[in-house]
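*Asks:* So that we are looking at the same thing, I have put the structure below in structure tokens.
Protein chains: 6
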Amino acid sequence: MLKKLLMTGAAGGVGKSLRPLLHRLAERVVLSDITEISDLSPHETFRRCDLGDRAHVDALFDGVDGVLHLGGISLEKPFDLILNGNIVGVYNLFEAARHHDMPRIIFASSNHVTGFYTRHERVDPSMPVRPDSLYGVSKVFGEGIASLYFDKFGQECLSIRIGWCFPKPINPRTQAIWLGVEDLFDLCERGFTAPRVGHTIIYAVSDNEEMWWDNSSAAFLGWKPRQSSARWRADVLANMKLETPTDPDVIYQGGHFATSKHPDDE
Amino acid sequence: MLKKLLMTGAAGGVGKSLRPLLHRLAERVVLSDITEISDLSPHETFRRCDLGDRAHVDALFDGVDGVLHLGGISLEKPFDLILNGNIVGVYNLFEAARHHDMPRIIFASSNHVTGFYTRHERVDPSMPVRPDSLYGVSKVFGEGIASLYFDKFGQECLSIRIGWCFPKPINPRTQAIWLGVEDLFDLCERGFTAPRVGHTIIYAVSDNEEMWWDNSSAAFLGWKPRQSSARWRADVLANMKLETPTDPDVIYQGGHFATSKHPDDE
Amino acid sequence: MLKKLLMTGAAGGVGKSLRPLLHRLAERVVLSDITEISDLSPHETFRRCDLGDRAHVDALFDGVDGVLHLGGISLEKPFDLILNGNIVGVYNLFEAARHHDMPRIIFASSNHVTGFYTRHERVDPSMPVRPDSLYGVSKVFGEGIASLYFDKFGQECLSIRIGWCFPKPINPRTQAIWLGVEDLFDLCERGFTAPRVGHTIIYAVSDNEEMWWDNSSAAFLGWKPRQSSARWRADVLANMKLETPTDPDVIYQGGHFATSKHPDDE
Amino acid sequence: MLKKLLMTGAAGGVGKSLRPLLHRLAERVVLSDITEISDLSPHETFRRCDLGDRAHVDALFDGVDGVLHLGGISLEKPFDLILNGNIVGVYNLFEAARHHDMPRIIFASSNHVTGFYTRHERVDPSMPVRPDSLYGVSKVFGEGIASLYFDKFGQECLSIRIGWCFPKPINPRTQAIWLGVEDLFDLCERGFTAPRVGHTIIYAVSDNEEMWWDNSSAAFLGWKPRQSSARWRADVLANMKLETPTDPDVIYQGGHFATSKHPDDE
Amino acid sequence: MLKKLLMTGAAGGVGKSLRPLLHRLAERVVLSDITEISDLSPHETFRRCDLGDRAHVDALFDGVDGVLHLGGISLEKPFDLILNGNIVGVYNLFEAARHHDMPRIIFASSNHVTGFYTRHERVDPSMPVRPDSLYGVSKVFGEGIASLYFDKFGQECLSIRIGWCFPKPINPRTQAIWLGVEDLFDLCERGFTAPRVGHTIIYAVSDNEEMWWDNSSAAFLGWKPRQSSARWRADVLANMKLETPTDPDVIYQGGHFATSKHPDDE
Amino acid sequence: MLKKLLMTGAAGGVGKSLRPLLHRLAERVVLSDITEISDLSPHETFRRCDLGDRAHVDALFDGVDGVLHLGGISLEKPFDLILNGNIVGVYNLFEAARHHDMPRIIFASSNHVTGFYTRHERVDPSMPVRPDSLYGVSKVFGEGIASLYFDKFGQECLSIRIGWCFPKPINPRTQAIWLGVEDLFDLCERGFTAPRVGHTIIYAVSDNEEMWWDNSSAAFLGWKPRQSSARWRADVLANMKLETPTDPDVIYQGGHFATSKHPDDE
């Protein structure tokens, strides 16, 4: 069990969903976000942080022995925002870790690093990236930093390419990439308890019926997702009438991320 | 749900097994065969058809929004029969589809397109074909037509390489490739409801213990076979005494298709 | 050296180019075509043949110990023509061989069996076919017959997927797939002199600079093409101004075969 | 069911665990070891044997129609011992089989043939060996003999690379490679009842959560392990505090086999 | 031939070497750098540019129909410098291209995106990146931007992972990765004249004897390097005495990039 | 340049051919064999050695900084001979090296470790072994020892799978696997001068036209064979009349090694 877990991006959707479970993993939890969090449990502390500010980030790491990095931008946004939160922010995070005894990091990467593969292609983490957005490119950068920091400095990191982590799927795409919160928590638990993770990349997706990704390279972690989007299948099918096979939204794994305009042009 | 499903080869063994299930998939079902079918349910219509006759085939497609093509020859036969049913017949079918708004096709291909692989080899649909019979070569042709019609005309098709679709296995070979009818129906349902199938090839085989084939490339369909030949294992073992490891029937996946003579010489 | 070589399709372009070289390979050469050939050399004989006529084909094989099968349709054509020349014709040819001591066959397949791959993809003969035309599908059938006849009957065959066998390239596509006649002859020589070819598929292409195909799986043949399209590169570049990267003719390996309409609609 | 099964190494740990189950597999069981076994059941016979003695080994094979070869050295030991038990011993065993109608052999190989892969690497039996000990090299030799004897003489053999076959795991490494006895028995049953095994290599490991190995190439056997080390996970985690990610014992699959000194230097 | 080629980083070593050759490729050449260039030829123009300044970069693109992007930081440097030159700078460059008719880009990536592979590993552009420096990570970002801009906007780019582009090799590592200027020029010429490059990644390395990289995926370009480091082999061997096989500088492809400290700690 | 090279098996055919070239590689050469060598050059010394005798082998290593291990049995022989020369002998050699500062070893392995692949298969050193003889199995053992000694002790070794190292080829098989002595010498030179070889396996074969093997994984060595068997092709073809494609001698890469009987039965 961890002594003190740092979770960045704690005010976001995924962060909120995970908070009630983290006490199983750590004695104390430091929550960080640029947005204030006020409803703290006794084992939780809050520290406001702009990830683009190196001193802010350094200040989070005192006594931390595990990091769950959900912070930064999680949608397509203008480049300046992504640069600050996801490029400078990730660099600051890994630098802070390097200067504070290198606690293991779980880094929230995204399925959007490979969003330009089609849904017919089976993708595994060793295949070339095909980002579908500036956001996706920023996650490519983050995985690159994680690779470097392990190879050069020994900083361990599990990069999890998160699918669709919302209460339920809303269309065939999100049905294929849905991630239940319990499964996500189990993955984090595996990430912190495995004797060694080096730098490992894994798709964070539940045991859905439709499956685009192959995680067999990370089977050493022993993660077995147990949730499935299948129970919503009838609902999804009933609402699917607008999907046509020649629509790029239907062709690419990234869905509308792949087909949206440049953020400056929206 | 489909409005009007066309099933060719409806008087054959597989067709007969599927008929009672098709009402779950389509409002109306057009049954076609060269042999008359008389025991029709209210949602069923019959149309006699020689697949080698282009006008016959065209006449089947009025209002059809899904095709399950089981028709043609399903055993090793003299070339003239195969030519008419499986070469000209398949061409006629895809041409008719192209001229009638391209309803999605599920094409009954066969494990005999790869019947000259040995049972020790794990085969997936991306590997080179090794047909074991003139029948198998005709299915190679059919998959080639399906590939062309998608790439060039956008006609979607799911080619299913059917294993042994009979009530129960009769020897180790059929135990490994047995396909239960419920599983086959589920696969067809997936084929028609997936937002996009392009041209996809999959082995149609139940969740048997022995497994020669790897369908992971088609995992995007979400098909999870739930039947298994395992419950007949004891019976099969008890009757297996005649199998010797050096018998070509035992070596090749195609079994006696691989070792039978040319049909002209039988 | 062969005693008696049969070359079908001898009146076509490739056949005409090869004729002057065949005396190095065989004592006698039987030329066959549906079109009369009259300018015979002393070592040459002509036999008219409609490949769709089984008796015609059988009559060609007397005493033959090597076959170079160039016959049939070599362009996109209506299905009836392709059916007769390339489906029934190939079957007749292999049947005739099977009944006449199985002389080794070199079968002129085509790059159009994989014409729907893009030019950025490196293709080798073990990859799935992606035919770009009915013509291409007929060659898929032919390779399937060749595979069957070797696995089942021991009939050896070298299937050569011919590129662009004309005097010189006319655009970037044909520059990448150009095949010089001397190189083609050397390949045939290798095909007949190798101790064993089983059923082998190889791309017949000269040592051009641009290269889409990987023949390493057939390196056992020892074929080293020595001609190159490079000497026409300046001419080709000078005439290339009409090529744009988003033109499907430029995207697909099959060029205009991939983008042409169905032959019935031309 | 076998008439007479020979199990070598019957006095060792794995042999003892399997003995109570073998009556399901064979009418009579010949137990062999260099150590006396006295608590025989009615269907069991004991024959003392030094595997390095050719005559001893030959004497075991009378009437035998199945062999389970667990004998020899199963730990790192000085070379002389390994040479006698695992090199000469294996050769003697296969020679005896060759002279006695070639009963099918199940050969206890070891995960230590690939012990120098790291735990992050997913290993399958087709990958190059990386033995972690002289013991591991002797098993490489044994698999080489098995390969030769099948290819040249037709002797069938299933080489099983046994993981950790003890009552329960004691640390993360043995949790990942734990093999339950029931699962091992089922694997042996599959090995003897499959119509054909040729020479097949498989990792013998239960259905644990953490998984380093990929047995899909042997799926034709139909072996489905049903035991799992997961129920001891909490215990293992509680005792894991000494594992650090930079410890070679933690890095390599072979654990302390990979990091131990040469046996002469211990 | 191009009308107007933009070369950024023109005052650097590679830029200087290429300048005398560019007149073969373009009528006019715009040289850009943060450092002034004064010795201009008649076909050359100079424009000072800080790549981190979007307006500066935009101003370079007027009338440009080809871009050779050598600009930015080319060594390990503190993150702020790399951020400005290689992250913001690359984004600015692709944005400027997108707003100016998308002239094809040749992007100088680096072998340091895969510098943590060992010299025994054969690396091709489809393998996962393993950057050896912050500099290397910035090139991972740049290739990610190039991938996105092609997939989403159709901007074509050839990413060239440059080896050691200096007059001659100085040790075994640079002997293996040496790139002659003529070869580099030829590669650029291929990049601009190929009918279509999409987004292609290639290692820019001469035809040296020692070879760590496999460029076969880019064979469609027709680039055949003709220079070789072999003529300096004797010199290199004579000076090699300090290389020991256990030195990380000798183990990793990135050499001292892989073993140097963090730039903040130097 | 080496100070003192040890060459075992110096009285054999390959050893004799190499001797006149070794002065280019080493100041002094220790020749060892079980057979006396008397025609010594000034830089040569002879030491008789039975490889099966540990003390004999140890005595060879004084001051040695490079080993070329050609010694042992090089043909199919009864197991006792192979055990002594190639199993115990190899172990003794690596043990002696481990106790004498670990001079780099070039180990003469053999193409017979993969002799049961067919000639149509392209084999690379990462593929599973398929030995064709007891001799071949002994080389599998030797490569296993080499792998262990590098991974565990850091002993570097280049294992060279020698083809047919005789003055000229005598049939198609030896034409495909012929190795010229100059090429072999160059390979040895590369093996000793490369900064690091770890444990690398390579096929030692000249630049013949027919090629069964793929050495690209060892391209980092920079070895470019320059000799070829092609100049004897006409002679080989003229004498080839006895080769038939269904002869196992023609099917398998190992030729008569694959088809010969067990040495005890000859």
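Protein chains in written order, with the numbering used here: chain S, 114 to 379; chain A, 114 to 379; chain X, 114 to 379; chain E, 114 to 379; chain C, 114 to 379; chain V, 114 to 379.
A virtual CB, placed ideally from N, CA and C, is assigned to each residue, including glycine.
For residue 330 of chain X, which residues in chain V fall below 7 Å Cβ to Cβ?
*Replies:* Locating residue 330 of chain X in the third sequence gives position 217, where the first residue counts as 1. Ordered by position in chain V, the residues that pass the 7 Å Cβ test against residue 330 of chain X are 235.
*Asks:* Rounded C-beta distance between residue 275 of chain A and residue 224 of chain A? I'm assuming under 8 Å.
*Replies:* Looking up residue 275 of chain A in the second sequence gives position 162. Looking up residue 224 of chain A in the second sequence gives position 111. About 7 Å; that satisfies the 8 Å criterion.
*Asks:* Can you give, in chain order, each stretch of the alpha helix (DSSP H) that sits fully within the segment 136 to 197 of chain E and has at least 4 residues?
*Replies:* Correct list: 167 to 172, 192 to 195.
*Asks:* Residues in its own chain within less than 6 Å of residue 191 of chain V by CB, not counting five upstream and five downstream?
*Replies:* The residue labelled residue 191 of chain V in the question sits at position 78 within the sixth sequence. Excluding residues within five positions, the ones whose Cβ falls inside 6 Å are 376.
*Asks:* Considering only DSSP beta bridges, list what residue 236 of chain A is partnered with.
*Replies:* On the second sequence, position 123 is the one that residue 236 of chain A refers to. A:326.
*Asks:* Within 10 angstroms of the Cβ of residue 331 of chain X, are there 16 or more other Cβ atoms? Answer buried if so, exposed if not.
*Replies:* In the third sequence, counting from the first residue as 1, residue 331 of chain X sits at position 218. Label assigned to residue 331 of chain X: buried.
*Asks:* Identify which residue in C:219, C:162, C:209 has its Cα closest to the Cα of residue 198 of chain C.
*Replies:* Sequence index remark: in the fifth sequence, residue 198 of chain C carries index 85 (1-based). It is C:162 whose Cα lies nearest to the Cα of residue 198 of chain C.
*Asks:* So residue 289 of chain E contacts chain S; which residues on that side make the cut at Cβ distance below 8 Å?
*Replies:* Position 176 of the fourth sequence holds residue 289 of chain E. Correct list: 333, 335.
*Asks:* Provide the residue(s) that pair with residue 312 of chain X in DSSP beta bridges, ordered along the chain.
*Replies:* Stepping through the third sequence from its first residue, residue 312 of chain X is reached at position 199. According to DSSP, which records beta bridges pairwise, residue 312 of chain X is partnered with X:270.
*Asks:* For residue 327 of chain A, decide whether its Cβ has a neighbour in chain E, counting only Cβ atoms nearer than 8 Å.
*Replies:* Within the second sequence, the letter at position 214 stands for residue 327 of chain A. Yes - at least one Cβ of chain E is within 8 Å of the one on residue 327 of chain A.
*Asks:* Candidates S:298, S:285, S:370: which alpha carbon is nearest residue 357 of chain S's?
*Replies:* Residue numbering aside, residue 357 of chain S sits at position 244 when the first sequence is read from its first letter. Ranking the options by Cα distance to residue 357 of chain S, first place goes to S:285.
*Asks:* With burial defined as no fewer than 16 other Cβ atoms inside 10 Å of the residue's Cβ, what is the status of residue 265 of chain S: buried or exposed?
*Replies:* Taking the first sequence and counting its residues from 1, the one referred to as residue 265 of chain S is at position 152. Residue 265 of chain S should be labelled buried.
*Asks:* Assuming residue 340 of chain S contacts residue 304 of chain S (C-beta within less than 8 Å), just tell me the rounded distance between them.
*Replies:* Translated into positions along the first sequence, residue 340 of chain S becomes position 227. Translated into positions along the first sequence, residue 304 of chain S becomes position 191. Residue 340 of chain S to residue 304 of chain S, Cβ: 18 Å. No contact.
*Asks:* Given a cut-off of 8 Å on the beta-carbon distance, is the pair residue 203 of chain V and residue 226 of chain V in contact?
*Replies:* On the sixth sequence, residue 203 of chain V is found 90 positions in, with the first residue counted as 1. On the sixth sequence, residue 226 of chain V is found 113 positions in, with the first residue counted as 1. It is not a contact, given that the beta carbons lie outside the stated cut-off.
*Asks:* So, with DSSP's three-state summary, where would you put residue 217 of chain A?
*Replies:* Start at 1 with the first residue of the second sequence, and residue 217 of chain A comes out as number 104. DSSP places residue 217 of chain A in strand when its eight states are reduced to three.
*Asks:* Does the segment 161 to 178 of chain S come close enough to the segment 129 to 145 of chain S that 3 or more CB-CB pairs lie under 8 Å?
*Replies:* Cβ pair count under 8 Å is three or more, so yes.
*Asks:* Reducing DSSP to helix, strand and coil, say where residue 200 of chain V ends up.
*Replies:* Position 87 of the sixth sequence holds residue 200 of chain V. If DSSP states are grouped into helix, strand and coil, residue 200 of chain V belongs with the helices.
*Asks:* Report the option in C:309, C:353, C:278 whose CA atom is closest to the CA atom of residue 321 of chain C.
*Replies:* Indexing the fifth sequence from 1 puts residue 321 of chain C at position 208. Comparing Cα-Cα distances from residue 321 of chain C to each of C:309, C:353, C:278, the minimum goes to C:278.
*Asks:* With 8 Å as the threshold, decide whether the Cβ of residue 283 of chain S is near any Cβ in chain A.
*Replies:* Here residue 283 of chain S corresponds to residue number 170 of the first sequence, with the count starting at 1. Judged by the 8 Å Cβ criterion, residue 283 of chain S is not in contact with chain A.
*Asks:* Along the chain, where does the alpha helix (DSSP H) that runs through residue 129 of chain E open and close?
*Replies:* The sequence position of residue 129 of chain E within the fourth sequence is 16, counting from 1. Run containing residue 129 of chain E: 126 to 131, per the alpha helix (DSSP H) assignment.
*Asks:* Quick one: give me the first and last residue of the alpha helix (DSSP H) that residue 372 of chain X is part of.
*Replies:* The count along the third sequence starts at 1 and reaches residue 372 of chain X at position 259. 369 to 372 is the extent of the alpha helix (DSSP H) around residue 372 of chain X.
*Asks:* Indicate whether at least one CB of chain V lies closer than 8 Å to the CB of residue 177 of chain E.
*Replies:* Indexing the fourth sequence from 1 puts residue 177 of chain E at position 64. False, the Cβ-Cβ gap to chain V never drops below 8 Å.
*Asks:* Quick check on this structure: which residue in C:158, C:301, C:326 has the alpha carbon closest to the alpha carbon of residue 137 of chain C?
*Replies:* Taking the fifth sequence and counting its residues from 1, the one referred to as residue 137 of chain C is at position 24. Of C:158, C:301, C:326, the residue nearest in Cα terms is C:301.
*Asks:* Starting from residue 243 of chain A, find everything on chain X with Cβ-Cβ shorter than 7 Å and list it in chain order.
*Replies:* Along the second sequence, one-based indexing puts residue 243 of chain A at 130. Within chain X, the residues near residue 243 of chain A are 260, 264.
*Asks:* Can you pull the chain S neighbours of residue 309 of chain A, defined as C-beta to C-beta under 7 Å?
*Replies:* Looking up residue 309 of chain A in the second sequence gives position 196. Residues of chain S passing the Cβ test: 232, 358, 363, 364.
*Asks:* Let's see if you can read the secondary structure: which residues bound the beta strand (DSSP E) around residue 121 of chain E?
*Replies:* Here residue 121 of chain E is taken as the residue at index 8 of the fourth sequence, counted from 1. That run of the beta strand (DSSP E) goes 115 to 121.
*Asks:* For residue 273 of chain S versus residue 218 of chain S, is the C-beta spacing smaller than 8 Å?
*Replies:* Position 160 of the first sequence, counting from 1, holds the residue named residue 273 of chain S. Position 105 of the first sequence, counting from 1, holds the residue named residue 218 of chain S. Contact flag unset, no.
*Asks:* With a threshold of 8 Å between beta carbons, is residue 350 of chain S in contact with chain A?
*Replies:* Residue 350 of chain S sits at position 237 when you count from the first residue of the first sequence. Yes, residue 350 of chain S counts as interfacial toward chain A.
*Asks:* Using the beta-carbon of each residue, which ones in chain X are nearer than 7 Å to residue 207 of chain A?
*Replies:* Locating residue 207 of chain A in the second sequence gives position 94, counting from the first residue. Going along chain X, no residue has its Cβ under 7 Å from residue 207 of chain A, so there is no contact; the nearest lies around 10 Å.
*Asks:* Let me check understanding here. Comparing Cα to Cα, which of C:245, C:323, C:215 lies closest to residue 71 of chain V?
*Replies:* The shown model of chain V, from 114 to 379, leaves out residue 71 of chain V, and the question about it has no answer.
*Asks:* Which class does residue 231 of chain X belong to by DSSP, given the choice of helix, strand or coil?
*Replies:* Taking the third sequence and counting its residues from 1, the one referred to as residue 231 of chain X is at position 118. Reduced to three states, the DSSP call for residue 231 of chain X is strand.
*Asks:* Can you pull the chain E residues whose beta carbon is under 8 Å from the beta carbon of residue 271 of chain V, in chain order?
*Replies:* Within the sixth sequence, the letter at position 158 stands for residue 271 of chain V. The premise fails here: residue 271 of chain V is roughly 15 Å from chain E at the closest Cβ pair, so nothing lies under 8 Å.
*Asks:* Could you tell me which of A:368, A:290, A:115, A:329 sits nearest to residue 176 of chain A, measuring between CA atoms?
*Replies:* For the purposes of this step, residue 176 of chain A is taken as residue 63 along the second sequence, with counting starting at 1. Closest option to residue 176 of chain A, Cα to Cα, is A:115.
*Asks:* Tell me which same chain residues have a C-beta within less than 7 Å of the C-beta of residue 336 of chain S, skipping the five on either side of it?
*Replies:* In the first sequence, the residue the question calls residue 336 of chain S occupies position 223. Taken in chain order, the residues that qualify are 299, 300, 303.
*Asks:* Leaving out five residues on either side along the sequence, give the residues of the same chain with a beta carbon under 7 Å from the beta carbon of residue 216 of chain V.
*Replies:* Against the sixth sequence, residue 216 of chain V aligns to sequence position 103. Answer for residue 216 of chain V: 177, 178, 179, 180, 210, listed in chain order.
*Asks:* I think residue 296 of chain A touches residue 235 of chain A, with their Cβ atoms under 8 Å apart; what is that distance to the nearest whole Å?
*Replies:* For the purposes of this step, residue 296 of chain A is identified with residue 183 of the second sequence, where counting begins at 1. For the purposes of this step, residue 235 of chain A is identified with residue 122 of the second sequence, where counting begins at 1. Not a contact, Cβ separation roughly 20 Å.
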